[in-house]
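Heads up, the sequence shown is in the numbering used here, so the first residue is 142 and it goes up one at a time.
Ideal Cβ positions, reconstructed from N, Cα and C, are used throughout, including at glycine.
Below is one structure, written out as structure tokens; the observations come after it.
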Amino acid sequence: MTGTVGNLSWKADTDRPNIVLMLADNIGFGDLGCYGSGGDLRGMPTPNLDDLAEKSLMLTQFFVEPGCTPSRAGLMTGRYSVRSGLNSIIVGGTPSTLQEGELTLAEICKENGYSTGMVGKWHLGEEEQSIPTRQGFDSYRVGILETTDATLYPQTMRRSGLSEDQIEAAQSHIWESNDDGSLRRVRPYDLAYRRHVEGDIADAATSFIKEKSAGDDPFFLYVGWSHVHYPEGAHRDFENRSSSGPYGDMLMEHDHRVGQVVAAVEAAGIRDNTIIIYLSDNGPVQNQVISTDFKGSSPGPFRGEVGDVLEGSLRVPGMVSWPGNIPARKSNEMVSIHDFVPTIAGMLGSSLPDDRPYDGVNQWKFFVGESERSSRDHLITFIGGEIAAVRWKQWRIYPKQVIQSQTNPSSLGVCAYRVEGMGYPSVFHIERDPREEFNVVGTCAWVLGPYMKIVGNYLTSIKEHPNPSTFSMTSFTH
142 MTGTVGNLSW KADTDRPNIV LMLADNIGFG DLGCYGSGGD LRGMPTPNLD DLAEKSLMLT
202 QFFVEPGCTP SRAGLMTGRY SVRSGLNSII VGGTPSTLQE GELTLAEICK ENGYSTGMVG
262 KWHLGEEEQS IPTRQGFDSY RVGILETTDA TLYPQTMRRS GLSEDQIEAA QSHIWESNDD
322 GSLRRVRPYD LAYRRHVEGD IADAATSFIK EKSAGDDPFF LYVGWSHVHY PEGAHRDFEN
382 RSSSGPYGDM LMEHDHRVGQ VVAAVEAAGI RDNTIIIYLS DNGPVQNQVI STDFKGSSPG
442 PFRGEVGDVL EGSLRVPGMV SWPGNIPARK SNEMVSIHDF VPTIAGMLGS SLPDDRPYDG
502 VNQWKFFVGE SERSSRDHLI TFIGGEIAAV RWKQWRIYPK QVIQSQTNPS SLGVCAYRVE
562 GMGYPSVFHI ERDPREEFNV VGTCAWVLGP YMKIVGNYLT SIKEHPNPST FSMTSFTH
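Written as structure tokens, this is what we have:
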């Protein structure tokens, strides 16, 4: 960390609520019952998340980035992932990692006197400077450092002729921190354990809450869930519980585990002094190359999946709950995953360093109901370091066309995407056309004026603060 927060002005513990931040994996806008097109309607009820939504500021226009790593980078830094070089999904063994110089949400909380802990999926790199305990967290348990999509299948590697030593070297592991912040391997992360990891994440989270609630300092707990990321891996207790197949079973287990964490906060008697945040990292898996057992996640009324830049890839569930302080309500105001760094820093009376641009905005007045309107009206989305889409108010603008490319080695997604030039941009009115089927640039070209201003401001910012090189599987140093 090279930048530090300033103006620490908290006055008492009541000004420093505990924070439990939960990030789900691959849950789409149409999955949860509380969002209107999931849950019971699709044979996979989500009672705990529905109950949390009733007690939360439930965001129906909450935006993320197109994939796991980019969204997690945006959440931790408050900046577009392209500014930290993490706008592609990290694959284990590649030199893509969160840099030491980034200021993270955990570091902000720690500098304000918080005990900090993380459990579960990190996916921001496994190099020493990027692990959670070098980025502001005091402890890390049930750790999943990278994506495990491929390494859970040793039989595939055997068929390719890899030796057992090579397969062992590629094996994913569960990690845990030592007292000095270093990490140790706890056990292999394989298909058998895949069915148990969500429960272990919940157990570690509830243990942390119980321990820290007995202390004098407030705490920040970041829970990186593994569900509902493929492959299907619901605990045996949840097998065949839904009528939506393995995906629905995973979602129902996930709902139960979230309920366990919320119950731990309530059992500790700290619910009124604890902010609970629940988010998804990106949209659903929809692509045809994925086995039907892995499917089930839905973008609701929108189009899009993890890896592309359509509305359904970026618009996901988001809830913020603090009884007595954040009024429970449903809002269609725009909020992004980048907003939590400046919002929490602002809540704590801290100023962010001015040696880097921040893309998040302080939403505190909106959260607590002092303002009916969000502080955000736009969001830029990138593919491969290039601007791929801009959301401004109810409009979505595409300067180039986004092409599915299953063989592009340096783009995002289950199936990669790339951007290519086209004769004229596309413009869609999301409220009237949520599936983005009618390009209205011919009659609404005036929208390109605000678009040019948004993009122009971004381009100005990177002249003063250039982005690092974006990662490519075909061009890197090691």
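- Going by beta carbons, Met-475 and Phe-204 fall inside the 8 Å limit.
- The straight-line gap separating the alpha-carbon atoms of Asp-181 and Glu-243 is approximately 42 Å.
- Between Arg-444 and Glu-577 a beta carbon distance of about 6 Å is seen, short of the 8 Å cut, so the two are scored as contacting.
- Cys-209 is not a Cβ neighbour of Asp-191, given a cutoff of 8 Å.
- Distance from the CA atom of Ile-160 to the CA atom of Met-460, rounded to whole angstroms, is 13 Å.
- Arg-336 and Ser-492 have their C-alpha atoms spaced approximately 42 Å apart.
- For Ser-462, the enclosing beta strand (DSSP E) stretches over residues 456–462.
- About 5 Å separates the Cβ atoms of Lys-471 and Met-199, confirming a contact at the 8 Å cut-off.
- The DSSP-derived three-state label of His-395 is helix.
- With fewer than 16 other Cβ atoms inside 10 Å of its own Cβ, Trp-587 counts as exposed.
- Rounded to the nearest angstrom, the gap between the Cα atoms of Ser-602 and Pro-498 is 7 Å.
- Under the DSSP assignment, Lys-471 falls in the beta strand (DSSP E) whose first and last residues are 470–472.
- Per DSSP, Gly-374 lies in no beta strand (DSSP E) and is assigned neither H nor E.
- Within the same chain, Val-509 come within 7 Å of Asn-466 by CB-CB distance, once the 5 residues on both sides are set aside.
- C-alpha of Ala-345 to C-alpha of Pro-359: approximately 18 Å in a straight line.
- Considering only Gly-179, Leu-286, Gly-277 and Ser-178, the residue with the shortest C-alpha distance to Ile-231 is Leu-286.
- Per DSSP, the continuous beta strand (DSSP E) segment holding Trp-536 begins and ends at 536–539.
- Rounded to the nearest angstrom, the Cβ distance from Gly-261 to Gly-365 is 4 Å, consistent with a contact under 8 Å.
- In the three-state DSSP reduction, Ile-230 falls in the coil class, being neither helix nor strand.
- The stretch 333–368 contains, as complete beta strand (DSSP E) runs of 3+ residues, the segments 360–365 (chain order).
- Per DSSP, the beta-bridge partners of His-314 are Pro-329.
- In this structure, His-395 sits away from Asn-167, with a CB-CB distance that is not shorter than 8 Å.
- Taking C-alpha positions only, His-314 is separated from Phe-569 by approximately 44 Å.
- Using a 10 angstroms sphere on the CB of Phe-579, the tally of other CB atoms stays under 16, which defines it as exposed.
- In terms of CA proximity to Asp-390, Gly-437 leads the group Ile-418, Thr-415 and Gly-437.
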